[in-house]
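Everything below concerns the one structure shown next.
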Amino acid sequence: LILAEFGAMVVGMGVMLLKVKRAETEDKNTANVQIALKAMSFSELKSVIHILNELEGSEGLVVASRVADRVGITRSVIVNALRKLESANVIQSKSLGMKGTYIRVLNDSLLDELNKMDCKKRRI
Numbered sequence: 005l006i007l008a009e010f011g012a013m014v015v016g017m018g019v020m021l022l023k024v025k026r027a028e029t030e031d032k033n034t035a036n037v038q039i040a041l042k043a044m045s046f047s048e049l050k051s052v053i054h055i056l057n058e059l060e061g062s063e064g065l066v067v068a069s070r071v072a073d074r075v076g077i078t079r080s081v082i083v084n085a086l087r088k089l090e091s092a093n094v095i096q097s098k099s100l101g102m103k104g105t106y107i108r109v110l111n112d113s114l115l116d117e118l119n120k121m122d123c124k125k126r127r128i
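Below you can see the structure in the form of structure tokens.
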């Protein structure tokens with residue numbers, strides 16, 4: 005009986021430890037995204053929103069020059085925004101030359117934080 009209780013306690017502690025680690029990881033991911041987004045200018049934020057809207061799901065191919073022409077910003081703004089997100093380990097990007105840039109969202113908190121920011125702007 006004592007051995008069974010001890011075993012149950014060990015399993016319970018293991019489950020609690022996993023929950024704590026998962027929560028810490030989520031908090032760390034959210035903090036990384038918030039820091040990266042706060043380091044961006046308004047134009048860079050605008051470009052990130054349009055770039056992510058171009059993606060199908062959490063990854064895909066985007067032609068930055070087309071997005072820049074459509075939105076009315078320079079391509080360098082898009083490149084700088086992507087570099088900031090990549091340096092924060094929020095996205096992964098790879099230039100494919102004339103074909104465009106392949107982008108993969110590594111941190112799902114990015115989309116959540118952008119949605120929160122958009123909701124706050126609409127309230128004002």
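Read in order, the letters of the sequence shown are residues 5 to 128 in the working numbering. Glycine included, every Cβ here is placed at the ideal spot set by N, Cα and C.
Minimum C-alpha distance to M102 - residue among V83, V67, S91 | Closest in C-alpha terms to M102, from the list V83, V67, S91, comes V67.
Spell out the partners DSSP gives S97 in its beta bridges.
-> DSSP lists I107 as partners of S97.
Rounded to whole angstroms, how far is the Cβ of A72 from the Cβ of I82, which I believe are closer than 8 Å?
-> Contact between A72 and I82 holds, since their C-beta atoms are separated by about 6 Å, short of 8 Å.
The stretch 52–64 in contact with the stretch 15–25 per 3-pair CB rule at 8 Å | Too few Cβ pairs lie closer than 8 Å, so no.
Runs of beta strand (DSSP E) wholly within the stretch 16–104 (minimum 3 residues, chain order) | For the stretch 16–104, whole beta strand (DSSP E) runs of length 3 or above, ordered along the chain, are 63–66, 95–99.
Measure the Cβ-Cβ separation of I55 and I107 and say whether it is below 8 Å.
-> The criterion of a C-beta distance shorter than 8 Å is satisfied by I55 and I107.
Ignore the nearest five residues each way along the sequence and tell me which others in G1's own chain have a CB closer than 8 Å to its CB.
-> In the structure as shown, the chain starts at 5 and stops at 128, and residue 1 therefore has no counterpart that could be examined.
Buried versus exposed call for N36 [16 or more other C-beta atoms within 10 Å across all chains shown] = Flag for N36 reads buried.
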